[in-house]
Amino acid sequence: MKINAHRPPPCEGCTYYQAQERNIGACHRFPPSFAGDSSPIDFHHWKFPLVSANNWCGEFQAAALVGDLTGA
């Protein structure tokens, strides 16, 4: 039995993915969410979710290639 016959491409190829470390990145599909108030620095309270480069979701949008930015 095939559990997942068609899976979207991985996060690392998504326009919303921003690499942080090897195989880990932040998903910028939605605004950052509250991560707690344990840090004394205000901007540390809000975070984009960290995802594996190999994860996937139903919101995937292919990242533009450098050559695609010409607007042609």
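If you're matching positions, the sequence shown starts at -18 in the working numbering and goes up one per residue.
Backbone N, C-alpha and C define an ideal beta-carbon position, used for all residues, glycine too.
Treat the numbers as computed from the prediction; the structure is a model and nothing was measured.
Return helix, strand or coil for residue i, following the three-state DSSP convention.
| i | result |
| --- | --- |
| Q1 | strand |
| C(-8) | helix |
Suppose contacts are defined by Cβ-Cβ distances below 8 Å. Is residue i in contact with residue j by that definition?
| i | j | result |
| --- | --- | --- |
| G6 | A34 | yes |
| P(-11) | W27 | no |
| H9 | Q(-1) | yes |
Check each candidate in the options and name the one with the smallest Cα separation from residue i.
| i | options | result |
| --- | --- | --- |
| E2 | Q42, G39 and V32 | V32 |
| N4 | E(-7), P12 and P13 | E(-7) |
| A12 | Y(-3), F29 and F41 | Here residue 12 is Pro; the residue named in the question, Ala, does not match the sequence. Comparing Cα positions, the closest option is F29. |
Where does the unbroken beta strand (DSSP E) through residue i begin, and where does it stop?
| i | result |
| --- | --- |
| L31 | L31 to S33 |
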